[in-house]
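Chemist: The sequence shown begins at 134 in the working numbering and counts up by one. Using N, Cα and C, we set each Cβ at its ideal position, and we do this for glycine too. Note that this is a predicted model, so its numbers are computed, not measured. Have a look at this one.
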Amino acid sequence: MNQDIFEGKWKEMRGQVKEWWGELTDDDLDRVEGKAEQLVGLLQQKYGYTKERAQEEYDRRVAQYNERLEAAKVD
Numbered sequence: 134m135n136q137d138i139f140e141g142k143w144k145e146m147r148g149q150v151k152e153w154w155g156e157l158t159d160d161d162l163d164r165v166e167g168k169a170e171q172l173v174g175l176l177q178q179k180y181g182y183t184k185e186r187a188q189e190e191y192d193r194r195v196a197q198y199n200e201r202l203e204a205a206k207v208d
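Below, the structure is given as structure tokens:
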């Protein structure tokens, strides 16, 4: 999912993001505003991840989200 699509779907994904990373607060998510790079940085800060690990977590979760969307379209 590219950055433009992520930002556009942010309102839909926000609740899912909170489920994935429960330590993120509403204020944190307000600051991120759908910007993937800021979310990755926040994961580093809140969870102590390396930049690479935070990016991998982000990529994995977004891929899972996309797979579920695609599966829902097929059903």
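#1: Rounded to whole angstroms, how far is the Cβ of Tyr198 from the Cβ of Gln149, which I believe are closer than 8 Å?
#2: Give the DSSP-derived three-state secondary structure of Trp153 in the structure shown.
#3: What do you reckon, are the CB atoms on Phe139 and Ala169 nearer than 7 Å?
#4: Under a Cβ-count criterion, where at least 16 other Cβ atoms within 10 Å of its own Cβ denotes burial, should Gly167 be classed as buried or exposed?
#5: In this structure, does DSSP put Glu170 in helix, strand or coil?
#6: Which word fits Arg162, buried or exposed, when buried means at least 16 other C-beta atoms lie within 10 angstroms of its C-beta?
#7: Would you mind reading off the limits of the alpha helix (DSSP H) that contains Lys206?
Modeler: Put simply:
#1: Your numbering for residue 198 matches position 65 in the sequence shown. Your numbering for residue 149 matches position 16 in the sequence shown. Sure, about 6 Å apart at Cβ, within 8 Å.
#2: The residue you call residue 153 lines up with position 20 of the sequence shown. Residue state, collapsed to three classes: helix.
#3: In the sequence shown, the residue the question calls residue 139 occupies position 6. In the sequence shown, the residue the question calls residue 169 occupies position 36. Their beta carbons are under 7 Å apart, which means Phe139 touches Ala169 by this criterion.
#4: Locating residue 167 in the sequence shown gives position 34, counting from the first residue. Burial call: buried.
#5: Residue 170 sits at position 37 when you count from the first residue of the sequence shown. In this structure, Glu170 counts as helix in the three-state DSSP scheme.
#6: Against the sequence shown, residue 162 aligns to sequence position 29. The residue you asked about is not Arg; residue 162 is Leu in the sequence shown. So Leu162 ends up on the buried side.
#7: For this step, residue 206 is matched to residue 73 along the sequence shown. Per DSSP, Lys206 belongs to the alpha helix (DSSP H) from 184-207.
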